[in-house]
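Read the structure below first, then the notes.
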Amino acid sequence: MSLPRLWPMGSQELDPFRAMRREMENVFRAFNQSSSSSNIGAGAPAISVAETKDAFEITAELPGVDERDIKVSLDENQLVISGEKKAESKREERNWHVEERSYGSFYRSMSLPFEPEDGAVDAHFDRGVLHLTVKKPVKATKVTKTIDIKTGAPPHTDAGQTAAPNKAA
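According to numbering that gives the first Met the number 0, the sequence shown holds residues 0 to 168 in order.
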């Protein structure tokens, strides 16, 4: 399963095979999840990504997952959310007709358009939703500057002319 890129690859991607290796790892992970035991597998959690002036805010839906079973990590500019949704240990003997709840490992990764600084990622887990805030480094923060517009023609700076207007003799 190939995940779409949320942002274009930046200049930090100097190794031409790095992206290919990551895609192959994702394919093997997806294959292993789909071929595991008889359960459906948790797969990839649904996420939402929003950008503010200073940070990226990411939420991931992880219903039924214990916060101790979630791992958030950074590999340069690659943000990874992984873990496992464990099956309930207490199963009574019943004649099951349908069981659509999924269990197993999950994995989701995304490329950030910058490499976060140490301590730039803040994670909170509340009611089955993982909330991540990834602060942008100062150099990645967009700053809009207003340029003053002056009236009149621009001064000439050719080699033979000065910036002052010509006086008639």
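From the three backbone atoms N, C-alpha and C, an ideal C-beta is built for every residue, glycine too.
Could you have a look at F113 and say whether DSSP puts it in helix, strand or coil? coil
Classification of R20 by the beta-carbon crowding that lies within 10 angstroms, buried from 16 upward: exposed
Enumerate in chain order the residues of its own chain whose CB-to-CB distance from F113 is below 7 Å, with the five nearest sequence positions on each side excluded. N76, K135, P136 and A139
Top-ranked residue by Cα proximity to E50, from D147, T132 and T156: T132
Just to confirm, are V128 and E60 a CB contact at a threshold of 8 Å? yes
Could you say which of V97, A86, P44 and T156 lies nearest to I57 if we only look at CA atoms? P44
Reduced DSSP secondary structure (H/G/I, E/B, other) of V26: helix
From A152, F124 and K144, pick the residue whose C-alpha is nearest to that of D65; which is it? F124
DSSP-derived helix/strand/coil call for R107: strand
Taking the alpha-carbon of K84 as reference, which of F27, R93, K70 and L78 has the nearest alpha-carbon? K70
Determine the direct distance from the alpha carbon of F105 to that of S34, and round the result to whole angstroms. Reliability of the predicted coordinates at S34 is poor, the pLDDT of 48 falling under 50, and the value obtained from them is presented with this limitation in mind. Straight-line Cα distance between these residues: approximately 14 Å.
Since D172 sits in a beta bridge, which residues does DSSP pair it with? Summary: the structure shown does not reach residue 172, with the chain confined to residues 0 through 168, and so no result is reported for it.
Per-residue DSSP class, three states only, for V137: helix
By Cβ distance, which residues of its chain are closer than 8 Å to G63, with the 5 residues on each side in sequence left out? K84, R100 and G127
Which residue or residues does DSSP assign as beta-bridge partners of E50? F55
Once DSSP output is grouped into helix, strand and coil, what is the label at E60? strand
At least one CB of chain C closer than 8 Å to the CB of S101: is that the case? The structure shown contains no chain C; it holds only a single protein chain.
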